[in-house]
Amino acid sequence: MNGPAASSSPATYRYRRYQALGNDYIVVGEEMTQLLTDPAKIQRLCDRHIGLGSDGILLPAPAPAGFAAAVRILNPDGSEAEKSGNGVRIFAKHCFDHGGLPPDAPIRIHTLGGPVSARLVTREKTQSILCTAMGRASFRCEDLPMATTGEWIQKPLSCGDRSFLATCVSMGNPHAVILTEALDEQEVRTFGPLLERHAMFPRSTNVQFVRVVDRGTVEAMIWERGAGWTLSSGSSACAVVAACVRNGRTDAAVQVRMPGGTLQVTIAPDWEVEQVGPAQELLSGEISAELLASLGG
């Protein structure tokens, strides 16, 4: 499934911009694959002052057999993420709205972090609501990966002059979930980047600080690997609920409140995770000749 079609000029690239609970992504066309092999060019496009500005780029890829579409998720630091809940939800909306895929049936999307199924729940006037099956949560350290074996359930991670009890979860990408009695944005901004690059995580990790409100509600603040402080994260919300269920703190169906809004996450008995949330298209445009020249394209 291709993204927004380029014009007849080989040096013209179109894009669409979306947001999901304040987490914004640019969807480009597959023709930008070669250009986006350079991390510096990804960084420039994501820059909010001298680029297009976004929390990441969704780059369509050739779909393997058995998949309706495939997507690569490029972080604003130039790295590549295995999976993104908000990103996949946005990409699914893009497939339904502009990719020629019928909205009345679920689709399978290939990501580096494993397959994701998505279906359109409803189209509202201001946004679409989509349900995504995010795959199975794993607590095996080898699956994150971590520099150890077994499981890391409420074990300490030393960080600067602090130590945090963390439950580590893989959703196809790594997460360190920290349960706390009170959320403090400054604490997240201070220790999030240190935990992200903790030696226990050879590929770094996403970090979530979580307060349990009741058995069906939690609040979370997120430090996203490769992006930093973020208003919301779909895969983080999945990891948060998986960690809370594993530790007996919540039921299996939970509302995850984040600064950007709320996602509904449900954990099945086999640890398959499903989330329901919004995605909104903001604009479409064309990368200017001047910006393209500055990228070397």
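Following this note's numbering, the numbering of the sequence shown begins with 1474 at its first residue and continues without gaps.
We put the CB at the ideal spot given by N, CA and C, even for glycine.
What you are looking at is a predicted structure, and each value in this text was computed from that prediction instead of being measured.
Per DSSP, reduced to three states, the secondary structure at residue 1735 is strand. Here residue 1682 carries a strand assignment [DSSP, helix/strand/coil]. Runs of the beta strand (DSSP E) spanning 3 or more residues and lying entirely within the stretch 1514–1572 occur at 1530–1534, 1542–1547, in chain order. Taken in chain order, the unbroken stretches of alpha helix (DSSP H) that lie wholly in the stretch 1694–1770 and span 4 residues or more are 1707–1719, 1762–1767. Per DSSP, the continuous beta strand (DSSP E) segment holding residue 1605 begins and ends at 1601–1609. Every beta strand (DSSP E) stretch that sits fully inside the stretch 1645–1671 and reaches 3 residues is listed by chain position as 1647–1652. Per the coordinates, the alpha-carbon of residue 1716 lies some 26 Å from the alpha-carbon of residue 1497.
A check of alpha carbon separations from residue 1639 across 1662, 1663, 1669 identifies 1669 as the nearest. The Cβ atoms of residue 1565 and residue 1605 lie closer than 8 Å to each other.
Distances from the CA of residue 1701 to each of 1572, 1529, 1539 were compared; the closest alpha carbon is that of 1529. Looking from the CA of residue 1722, the closest CA among 1751, 1750, 1522, 1689 belongs to 1689. The shortest CA-to-CA distance from residue 1650 to any of 1560, 1612, 1486 is the one to 1612.
Between the C-alpha atoms of residue 1559 and residue 1616 there is a straight-line separation of about 21 Å. Each of 1719, 1730, 1659 was checked against the Cα of residue 1683, and the nearest Cα belongs to 1730.
Around the beta carbon of residue 1597, fewer than 16 other beta carbons lie within 10 angstroms, which makes this residue exposed. In this structure, residue 1635 sits near residue 1664, with a CB-CB distance shorter than 8 Å. Between residue 1738 and residue 1714, the gap from beta carbon to beta carbon is short of 8 Å.
Assignment of residue 1629 by DSSP, reduced to helix, strand and coil, places it in the strand class. When only Cα atoms are considered, residue 1609 and residue 1506 end up about 29 Å apart. One Cα belongs to residue 1654, the other to residue 1768, and the distance between them is close to 46 Å. The continuous beta strand (DSSP E) containing residue 1592 extends over residues 1587–1596.
The residue from 1545, 1555, 1541, 1522 with its alpha-carbon nearest to that of residue 1509 is 1545.
Between residue 1491 and residue 1583, the alpha-carbon positions lie close to 20 Å from each other. Only buried fits residue 1718, as 16 or more other CB atoms lie within 10 angstroms of its CB. Contact between residue 1707 and residue 1750 holds: CB atoms are separated by about 7 Å, below the 8 Å threshold. Secondary structure at residue 1509: helix, using DSSP grouped into helix, strand and coil. Residue 1580 sits buried, since 16 or more C-beta atoms from the chains shown fall within 10 Å of its C-beta.
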